[in-house]
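Q:
Numbering (our numbering), first residue to last: 15 to 223.
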């Protein structure tokens, strides 16, 4: 026959009570049942986390940062350099532009040429400019004669890489070698400490071997 609803409810309640009591007994006794439910949750590895982030990247992972396309007019390296190397990139005067589409990236477009979307602000690394032979730093921190160095570098090739743009000249007697600042580091040239001229200008010199 048909089992009354009240009887079914009673059986369910009885089984729930028995199950609750069993769980309580296990907890009090310290015993553990077998099964995945009772296994301790393991911390995911970094690889598993990365895989999960890739799987749900559209909603969890940020887009990668764009590559720094700025390029130094002296050494032609992209992006900011190390502090003890070429250092950060600096903007030249706002009326000075460099063609991003030029066959030779050292071709400088001066103010008389019209600016368009294929041109970018001229950038130079701090130390690439500072260690150019004609460049000096005032006590206020301004770099003087950077544009003159840039013009001169168009006609000079580096003694290390044989590419144009070299403006760091050797100060040894009768040595005519000229380097990019970064190439001078690779060639293990000797860089002398910064000195203060009688006019209050900060100058730097280096020698090659």
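Ideal Cβ positions, reconstructed from N, Cα and C, are used throughout, including at glycine.
Look up residue 195 in the DSSP assignment and say whether it is helix, strand or coil.
A: Looking at residue 195 - three-state DSSP - the assignment turns out to be helix.
Q: If I measure Cβ to Cβ from residue 126 and keep anything under 8 Å in the same chain, skipping five residues before and after, which residues do I get?
A: Reliability of the predicted coordinates at residue 126 is poor, the pLDDT of 42 falling under 50, and the value obtained from them is presented with this limitation in mind. Answer for residue 126: no residue qualifies.
Q: Return the CA-CA distance between residue 67 and residue 80, expressed in angstroms with no decimal places.
A: Cα-Cα distance, rounded: 20 Å.
Q: If you draw a straight line from the alpha carbon of residue 155 to that of residue 196, how long is it in whole angstroms?
A: Spanning the two alpha carbons is a distance of roughly 22 Å.
Q: If you compare alpha carbons, which of 188, 143 and 181 is closest to residue 158?
A: For residue 158, the nearest C-alpha among the options comes from 143.
Q: Need the endpoints of the beta strand (DSSP E) that residue 63 sits in, please.
A: Residue 63 -> not in any beta strand (DSSP E); alpha helix (DSSP H) instead, spanning 60–69.
Q: Determine the direct distance from the alpha carbon of residue 161 to that of residue 148, and round the result to whole angstroms.
A: Taking the straight line from one Cα to the other gives about 10 Å.
Q: Determine the extent of the alpha helix (DSSP H) in which residue 160 is found, giving its start and end residues.
A: Here the alpha helix (DSSP H) through residue 160 covers 160–167.
Q: Would you check if there are 3 or more beta carbon pairs closer than 8 Å linking the stretch 175–182 to the stretch 84–100?
A: Contact between the stretch 175–182 and the stretch 84–100 is present, because at least three Cβ pairs lie under 8 Å.
Q: Would you grab the beta carbon distance between residue 82 and residue 93 for me? Rounded to a whole angstrom, and I think it's under 8 Å.
A: About 4 Å separates the two Cβ atoms, so the contact holds.
Q: Is it the case that the Cβ atoms of residue 173 and residue 191 are separated by a distance below 8 Å?
A: Closer than 8 Å, so yes.
Q: By a C-beta neighbour count over all protein chains shown, 10 Å radius and 16 as the cutoff for buried, is residue 184 buried or exposed?
A: Buried, by the Cβ-count rule.
Q: Are there 16 or more other CB atoms within 10 angstroms of the CB of residue 56, so buried, or fewer, so exposed?
A: Counting Cβ neighbours within 10 Å, residue 56 comes out exposed, since fewer than 16 surround it.
Q: Return yes when the Cβ of residue 106 is within less than 8 Å of the Cβ of residue 138, no when it is not.
A: For residue 138 and residue 106, yes; Cβs fall inside 8 Å.
Q: Please work out which residues of its chain come closer than 7 Å, Cβ to Cβ, to residue 84, disregarding the five sequence neighbours upstream and downstream, and give them in chain order.
A: So the list reads 92, 93, 103 and 137, once near-sequence residues are dropped.
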